[in-house]
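Residues 225 to 402 (our numbering) make up the sequence shown, in order.
Just so you know, even glycine gets a beta-carbon here, dropped at the ideal spot from N, CA and C.
See below for the structure under consideration.
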Amino acid sequence: ASILDLHSGALSMGKQFVNIYRYFGDQIRDVFTQEDFQLYRDVRGRIQAIVARTFDLDPTLLYLTKPTFFSRINSTAAKTQHDEYWHPHIDKVTYGSFDYTSLLYLSDYGSDFTGGRFVFMDQNANRTVEPRAGRVSFFSSGSENLHRVEKVTWGTRYAITVSFTCDPAHAISDPTLP
């Protein structure tokens with residue numbers, strides 16, 4: 225598994241994280257453009273609006289929070305505990321600042337990868353989301369939404385996790401190109 229956090233520049237690389245902004249320096253503009261960051265802001269804004277509307281929240285009181293990241297998951301063995309994405313967890317417990325979690329899938333279950341489905345774990349029956357490129361899944365981040373991701377058995381699963389908080393003290397700004 226690999227993650228990239230555009231805000232901090234953190235990129236998981238083997239057993240460590242590197243800062244892509246420090247690594248590339250001024251050449252980061254050969255990797256990303258202003259248009260890439262504008263697209264990210266536009267997508268984040270659309271997701272934020274639908275989360276606010278669905279949960280009957282004032283969108284101006286729903287803030288982007290960290291971590292927000294791109295993920296790449298394949299069948300490679302985990303190198304660190306952070307790579308073990310398949311364990312059941314509650315986002316509010318894991319990340320603290322999360323009140324609402326969203327995932328924008330960038331690849332298709334069944335054609336780009338197998339395994340990797342998102343599973344909400346309920347006492348009576350699990351509910352499973354099959355990732356499709358462009359599909360957005362979102363939910364409140366508390367104990368009511370214990371979940372896990374199935375291990376990817378073939379191919380590569382890509383997604384963006386965009387998280388929100390109702391606490392302005394945990395708010396972050398959209399990432400910018402250094």
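Assuming W378 contacts T338 (C-beta within less than 8 Å), just tell me the rounded distance between them.
Confirmed, Cβ separation roughly 5 Å.
Compute the Euclidean distance between the alpha carbons of S361 and P355, then round it to the nearest angstrom.
One C-alpha to the other measures close to 9 Å.
Take T289 and list the residues in its own chain whose beta-carbon comes closer than 7 Å to its own, dropping the five residues that flank it on each side.
Answer for T289: S321, F322, S387, F388, T389, H394, A395, I396, listed in chain order.
Could you check where the beta strand (DSSP E) with K375 kicks off and where it finishes?
Where K375 is concerned, there is no enclosing beta strand (DSSP E), given that its DSSP letter is neither H nor E.
Runs of 3 residues minimum, wholly inside the segment 303-371: which ones carry the beta strand (DSSP E) assignment?
DSSP runs (the beta strand (DSSP E)) wholly in the segment 303-371: 324-329, 342-344, 351-353, 360-364.
Distance check for T257 and G249, CA to CA, integer angstroms please.
Whole-angstrom Cα-Cα distance: 14 Å.
Based on the DSSP output, what are the partners of Y245 in its beta bridges?
In the DSSP output, where bridge partners are listed per residue, Y245 has none listed.
Is it true that the CB of R246 sits closer than 8 Å to the CB of L401?
Contact: no.
Ends of the beta strand (DSSP E) at F293?
Where F293 is concerned, the enclosing beta strand (DSSP E) stretches over 287-297.
For the segment 296-315 against the segment 357-375, are there 3 or more C-beta pairs whose distance is under 8 Å?
Yes, since at least three Cβ pairs between the segment 296-315 and the segment 357-375 fall closer than 8 Å, the two stretches touch.
Measure the alpha-carbon distance for A301 versus G238 and round it to whole angstroms.
So the alpha carbons of these two residues sit roughly 11 Å apart.
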